[in-house]
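Student: Please read through the structure below; I'll follow up with questions.
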Amino acid sequence: MTRPLVCITGASSGIGQALALRYHRAGWRLALVARRADAVQQWADAQGIPAADLLVLAADVRDVDAITAAGRRCIAEAGLPDVVIANAGISIGMDTADFADLDVMRATFETNNLGMAATFQPFVAAMCQRGSGKLVGIASVAGIRGLPGHGAYCASKAAVFAYCESLRGECRPHGVQVVTIAPGYIDTPLTQRNRYRMPFLMAPEAFADRAYSHIGAGVRTRFIPWQMGVVAGLLRLLPGWLYDRVLAGRPRKRRQNE
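In case it helps, our numbering puts the sequence shown at residues 103 to 360.
What follows is the structure, encoded as structure tokens:
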């Protein structure tokens, strides 16, 4: 019997790399997508992942033609995945008063939202026809409420929640599950530049363990760690005036050149 296959974008570092290692250790075959395919291959070699268990695909999720072609190549060379994890994402501070930062918003939405849809696109019809599979979108607790200087990222991750919920309704009748995983603060290159306190900071390996379990269970939405789920629930309940007061004086997210 063929062992299960997982396809993961943004697999060259951080969460994506930790997820790849967790699935490998559970006996899954890997299709790993990243802009830096050479870095992924070097990492896989260092981990001792056999060539027969690995397909490395070079693509930038912002390039719709490239990422959809990578998905089709995955199906042709490794088979239709059991799980597809749209993990690739960026987080850059922005200042709407600065004209140049409109490009930051464009890049963020192209990566975190259009890139996610383009990642899923080659697999949706085939999974629905097969009657099984999981599509996993990586959201963020930051998608619950807006944070100063974080407008592009917060808005993009709020959109991930809504997009995955919409896709879930479309795929459920065909036996395909759509899972939304919302990390809190994970110790990765994306968070290491933050200049504010990060409660419940979690190692990528610990995050990957929990995400693997939740994806396997086919949950709809899960915040990791669970404490951040409590925080998210409280943030939803705060009236606007109180939330504004809580945010008063909070440092802004670092911009690209800061």
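Beta carbons are placed, not taken as given, at the ideal position from N, Cα and C, and that holds for glycine. Nothing here was measured: the structure is a model prediction, and the numbers come from that model.
#1: Reducing DSSP to helix, strand and coil, say where Met280 ends up.
#2: Helix or strand or just coil, what does DSSP make of Arg182?
#3: Check each candidate in Val186, His316 and Val135 and name the one with the smallest Cα separation from Val163.
#4: Between Arg105 and the rest of its own chain, which residues show a CB-CB distance below 7 Å, the 5 nearest in sequence each way excluded?
#5: Met196 by DSSP, collapsed to three states: which one?
#6: May I have the straight-line CA-CA distance separating Val185 from Val262, to the nearest angstrom?
#7: Once you ignore the five residues that flank Gln279 on each side, which residues in its own chain have a CB closer than 6 Å to its CB?
#8: Could you name the residues of the same chain whose beta carbon sits closer than 7 Å to that of Leu107, not counting the 5 residues immediately before and after it, in chain order?
#9: So, is Val332 buried or exposed, given that buried needs 16 or more other C-beta atoms within 10 angstroms?
#10: Who are the Cβ neighbours of Phe302 in its own chain at under 7 Å, not counting the five residues just before and after it?
#11: Answer with buried or exposed for Leu123, where buried requires no fewer than 16 other C-beta atoms within 10 angstroms of its C-beta.
#12: Would you give the residue range spanned by the beta strand (DSSP E) that Ala104 belongs to?
#13: Pairs of beta-carbons, one from the region 252-262 and one from the region 210-228, closer than 8 Å: are there three or more?
#14: From this set, Ile283, Gly277, Cys109 and Gly191, which residue's C-alpha is nearest Asp155's C-alpha?
Tutor: To lay it out plainly:
#1: Here residue 280 corresponds to residue number 178 of the sequence shown, with the count starting at 1. In the sequence under discussion, the amino acid at residue 280 is Val, which differs from the Met named in the question. Annotated three-state conformation of Val280 is strand, per DSSP.
#2: If you number the sequence shown from 1, residue 182 lands on position 80. The sequence given here has Leu at residue 182, not Arg. Note: Leu182 maps to coil in three-state DSSP.
#3: One-based indexing of the sequence shown puts residue 163 at position 61. Of the candidates Val186, His316 and Val135, the one whose C-alpha sits nearest the C-alpha of Val163 is Val135.
#4: As a first step, residue 105 must be located in the sequence shown, where it is residue number 3. So the list reads Gly129, Trp130 and Arg131, once near-sequence residues are dropped.
#5: Here residue 196 refers to the residue found at position 94 of the sequence shown. Reduced to three states, the DSSP call for Met196 is coil.
#6: Translated into positions along the sequence shown, residue 185 becomes position 83. Translated into positions along the sequence shown, residue 262 becomes position 160. Val185 and Val262: Cα-Cα distance of roughly 18 Å.
#7: Mapped onto the sequence shown, residue 279 falls at position 177. So the list reads Lys236 and Gly320, once near-sequence residues are dropped.
#8: Walking along the sequence shown from the start, residue 107 turns up at place 5. So the list reads Trp130, Arg131, Ala133, Ala180, Gly181, Pro183 and Asp184, once near-sequence residues are dropped.
#9: Here the question's residue 332 lines up with position 230 in the sequence shown. The residue in question, Val332, is exposed, as its Cβ has fewer than 16 Cβ neighbours within 10 Å.
#10: Looking up residue 302 in the sequence shown gives position 200. The answer, listed in chain order, is Gly286, Tyr287, Pro327, Gln329 and Met330.
#11: Locating residue 123 in the sequence shown gives position 21, counting from the first residue. Buried is the call here.
#12: On the sequence shown, position 2 is the one that residue 104 refers to. Reading the sequence as shown, one finds Thr at residue 104 and not Ala. Careful: Thr104 lies outside any beta strand (DSSP E) and carries neither H nor E.
#13: yes
#14: On the sequence shown, residue 155 is found 53 positions in, with the first residue counted as 1. Closest option to Asp155, Cα to Cα, is Cys109.
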